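Asks: Following this message is one structure expressed as structure tokens.
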Amino acid sequence: MFESVQEARTLFERLGLPQEAIASGDLASRSPIDGTVIGRVAAASPDEVEAAIGRAYEGFLAWRTVPAPRRGELVRLFGEVLREAKEPLARLVSLEAGKILPEALGEVQEMIDICDFAVGLSRQLHGLTITTERPDHRMMETWHPLGVVGVISAFNFPVAVWAWNACLAFVCGDSVVWKPSEKTPLSALAVQTLFERAVERFGDAPANLSVLVQGGRATGEALVDDRRVALVSATGSTRMGCEVGPRIAARFGRSLLELGGNNGMIVTPSADLDLAERAITFAAVGTAGQRCTSLRRLFVHEDVYDRLVPRLKRVWSSVEVGNPLEGLALVGPLIDEAAYDAMQTALNDARSEGGVVQGGERLLADSFPDAWYVRPAIAEMPGQTPVTQRETFAPILYVMRYRTFDEAIALHNAVPQGLASSIFTTDLREAERFLSAAGSDCGIVNVNIGPSGAEIGGAFGGEKETGGGRESGSDSWRAYMRRSTNTINYGRDLPLAQGIDFSV
Ligand code: NAD
Numbered sequence: 004m005f006e007s008v009q010e011a012r013t014l015f016e017r018l019g020l021p022q023e024a025i026a027s028g029d030l031a032s033r034s035p036i037d038g039t040v041i042g043r044v045a046a047a048s049p050d051e052v053e054a055a056i057g058r059a060y061e062g063f064l065a066w067r068t069v070p071a072p073r074r075g076e077l078v079r080l081f082g083e084v085l086r087e088a089k090e091p092l093a094r095l096v097s098l099e100a101g102k103i104l105p106e107a108l109g110e111v112q113e114m115i116d117i118c119d120f121a122v123g124l125s126r127q128l129h130g131l132t133i134t135t136e137r138p139d140h141r142m143m144e145t146w147h148p149l150g151v152v153g154v155i156s157a158f159n160f161p162v163a164v165w166a167w168n169a170c171l172a173f174v175c176g177d178s179v180v181w182k183p184s185e186k187t188p189l190s191a192l193a194v195q196t197l198f199e200r201a202v203e204r205f206g207d208a209p210a211n212l213s214v215l216v217q218g219g220r221a222t223g224e225a226l227v228d229d230r231r232v233a234l235v236s237a238t239g240s241t242r243m244g245c246e247v248g249p250r251i252a253a254r255f256g257r258s259l260l261e262l263g264g265n266n267g268m269i270v271t272p273s274a275d276l277d278l279a280e281r282a283i284t285f286a287a288v289g290t291a292g293q294r295c296t297s298l299r300r301l302f303v304h305e306d307v308y309d310r311l312v313p314r315l316k317r318v319w320s321s322v323e324v325g326n327p328l329e330g331l332a333l334v335g336p337l338i339d340e341a342a343y344d345a346m347q348t349a350l351n352d353a354r355s356e357g358g359v360v361q362g363g364e365r366l367l368a369d370s371f372p373d374a375w376y377v378r379p380a381i382a383e384m385p386g387q388t389p390v391t392q393r394e395t396f397a398p399i400l401y402v403m404r405y406r407t408f409d410e411a412i413a414l415h416n417a418v419p420q421g422l423a424s425s426i427f428t429t430d431l432r433e434a435e436r437f438l439s440a441a442g443s444d445c446g447i448v449n450v451n452i453g454p455s456g457a458e459i460g461g462a463f464g465g466e467k468e469t470g471g472g473r474e475s476g477s478d479s480w481r482a483y484m485r486r487s488t489n490t491i492n493y494g495r496d497l498p499l500a501q502g503i504d505f506s507v
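Position in the sequence shown (first residue = 1) + 3 = our numbering.
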């Protein structure tokens with residue numbers, strides 16, 4: 004019989020973390036696998052957050068003058084530590100967030116990947132040189148470390164989101180204060196301890212480059228309001244973003260918002276339906292529909308609807324749901340009862356808006372009375388009704404028919420969120436139109452793969468209510484640095500820009 008408390012203890016031992024670290028405190032961590040409390044940590048009070056930011060600021064002052072490739076060495080060592088700890092850390096993520104082990108291993112692999120990316124980046128933090136209008140002058144841009152970066156993260160990617168931010172921040176010369184989700188404090192504690200192991204191996208890093216503050220909304224708010232936090236990178240619901248965005252703006256801080264998605268896919272008549280079926284399944288039921296990039300809205304051309312949708316319904320009724328750490332389950336539990344209630348509310352709304360729903364019922368209640376397993380749901384909708392326009396963080400796929408490609412694109416874009424999107428087609432014109440300025444309005448636009456499961460090399464994020472932030476690859480690093488524009492005069496005269504004559 005699966006014993007989640009014992010599993011947590013074993014994992015803490017394997018990760019080399021003291022058992023006392025999870026023995027007491029007002030913040031309880033519950034495993035969604037069986038609903039049991041598997042550990043407790045202390046929540047930081049606003050005063051403790053203040054002190055933590057002060058320590059991180061001291062860390063930043065020392066770190067910002069360390070050459071960037073040397074900073075990269077610390078991240079390289081962290082990548083090594085993560086490789087050694089990959090399996091137990093992934094198991095802890097499964098235990099605390101409920102995702103199946105292969106996906107949790109993928110999440111830790113993502114941390115390792117961003118370490119590699121950041122190490123390379125540490126030798127490429129480049130600015131431009133720019134031609135000037137004045138003789139014997141030179142103009143250039145220099146990128147400097149920014150300051151303390153506050154990271155607020157969501158439960159569903161309890162370790163990778165921090166790494167996306169922190170590994171870039173560290174090579175950019177910043178320090179980090181992390182407020183993880185109150186639902187996944189143990190995974191955060193484990194990551195912080197592994198990072199400290201890398202700091203030890205590094206030898207001469209300043210103290211407090213990475214500071215962890217545990218807690219809920221109040222802890223996050225203390226971080227958001229502190230003027231010493233130069234950038235707040237906040238990942239979570241659009242509701243949270245609506246609260247934190249204006250507060251940060253009011254103090255002229257920088258924010259990087261990664262908020263909710265309501266991701267769509269268009270399946271056109273020329274699509275490879277075998278490929279589409281697999282992609283739809285992973286994107287809609289993987290992580291029990293609890294990815295920001297999960298597929299929620301599927302637009303199927305009327306010519307292929309009756310071939311594709313019955314196949315999906317068969318998969319939905321047979322997909323293995325169960326303990327994410329045991330057996331062959333592809334779908335683990337929802338994070339908690341509130342998530343289950345939200346799913347039932349959405350399904351009731353879908354029915355009352357004319358939808359026909361398959362699935363959605365609770366499973367395994369006998370074996371796990373305090374956990375919330377569900378059969379993934381498919382709702383065939385008469386159109387893009389109100390329920391389909393909001394994000395419900397659960398495995399519900401709303402399926403709609405379309406006739407013309409213009410109609411499909413218009414429907415696809417007619418929601419408040421703008422994170423991830425995809426099209427299945429073998430028609431080059433359709434693919435290119437979807438990718439064009441007149442196509443998908445999302446931050447992530449894919450062809451013949453699903454909307455979820457991004458690689459770290461690209462910039463990650465979305466438009467509209469998704470918040471507009473970009474993190475991870477490409478040039479996202481610029482958000483973690485400040486730019487200075489330099490003009491240097493190496494001549495013997497002082498010509499003014501725009502030819503202004505100011506002779507004295
Ligand atoms: P949530 O909004 O409930 O919480 C996210 C984090 O914000 C938590 O750490 C929470 O304590 C904190 N928080 C909440 N209110 C706050 C406030 N007023 N001030 C400061 N901090 C506050 O989200 P969740 O349930 O943990 O995660 C699910 C949501 O996250 C979904 O909407 C999902 O789409 C989104 N998400 C987005 C991305 C992305 O990259 N766009 C990635 C993962 C998750």
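Ideal Cβ placement from N, Cα and C applies to all residues, glycine included.
This one's a predicted model, so the numbers in the text were calculated from it and none came from an experiment.
Per DSSP, A237 forms a beta bridge with which residues?
Replies: According to DSSP, which records beta bridges pairwise, A237 is partnered with I155, L260.
Asks: How is the beta strand (DSSP E) around S297 delimited, first residue to last?
Replies: Where S297 is concerned, there is no enclosing beta strand (DSSP E), given that its DSSP letter is neither H nor E.
Asks: Considering only the beta carbon of each residue, do Y60 and R231 sit closer than 8 Å?
Replies: Yes, these two residues count as a Cβ contact at 8 Å.
Asks: Compute the Euclidean distance between the alpha carbons of P161 and G153, then round it to the nearest angstrom.
Replies: Taking the straight line from one Cα to the other gives about 15 Å.
Asks: Using only the heavy atoms of ligand 1, determine whether one of them is closer than 7 Å to the beta carbon of K467.
Replies: Every heavy atom of ligand 1 is 7 Å or more from the Cβ of K467, so no.
Asks: Should V122 and G75 be called a contact, given that it needs their Cβ atoms to be closer than 8 Å?
Replies: Yes, the pair counts as a contact, with Cβ atoms nearer than the cut-off.
Asks: With DSSP as the reference, label G292 as helix, strand or coil.
Replies: Reduced to three states, the DSSP call for G292 is helix.
Asks: What is the residue span of the beta strand (DSSP E) that V359 lies within?
Replies: Its beta strand (DSSP E) spans residues 359 to 361.
Asks: Kindly indicate the opening and closing residues of the beta strand (DSSP E) around F427.
Replies: Its beta strand (DSSP E) spans residues 423 to 427.
Asks: Less than 7 Å separating the Cβ of A457 from some heavy atom of ligand 1?
Replies: No - ligand 1 has no heavy atom lying nearer than 7 Å to the Cβ of A457.
Asks: Identify, in the order they occur along the chain, each residue of the same chain with its Cβ nearer than 8 Å to the Cβ of L18, setting aside the five sequence neighbours on each side.
Replies: Correct list, in chain order: A88, P91, L92, L95, A193, T196, L197.
Asks: Hey, how far is the Cα of S370 from the Cα of V324?
Replies: Each residue's Cα considered, the two are about 13 Å apart.
Asks: Please report the straight-line C-alpha distance between L499 and P138, rounded to a whole angstrom.
Replies: When rounded, the distance between both Cα atoms is 10 Å.
Asks: Grab the span of the beta strand (DSSP E) containing M142 for me, first residue to last.
Replies: Run containing M142: 140 to 148, per the beta strand (DSSP E) assignment.
Asks: Do you know offhand how far S320's Cα is from E364's?
Replies: Each residue's alpha carbon lies about 11 Å from the other.
Asks: Quick check: what's the CA-CA separation for K186 versus I41?
Replies: In a straight line, the C-alpha of K186 is about 11 Å away from that of I41.
Asks: Please confirm whether any heavy atom of ligand 1 lies closer than 7 Å to the CB of L422.
Replies: Under cutoff, so the answer is yes.
Asks: Should L234 be labelled buried (16 or more other beta-carbon atoms within 10 Å of its own) or exposed?
Replies: Under this definition L234 is a buried residue.
Asks: May I ask whether a heavy atom of ligand 1 can be found less than 7 Å away from the beta carbon of M243?
Replies: Under cutoff, so the answer is yes.
Asks: Does the Cβ of Y401 have 16 or more other Cβ atoms within 10 Å, making it buried, or fewer, making it exposed?
Replies: Y401 should be labelled buried.
Asks: Give the single residue among R200, N451, N265 whose Cα lies nearest to the Cα of G470.
Replies: Ranking R200, N451, N265 by Cα distance to G470 puts N265 first.
Asks: Is it true that the region 340 to 355 meets the region 369 to 389, where meeting means three or more beta-carbon pairs spaced less than 8 Å apart?
Replies: Yes, they touch.
Asks: Determine the burial state of A210: buried for a count of at least 16 other Cβ atoms within 10 Å of its Cβ, exposed for fewer.
Replies: Its Cβ having fewer than 16 others within 10 Å, A210 is exposed.
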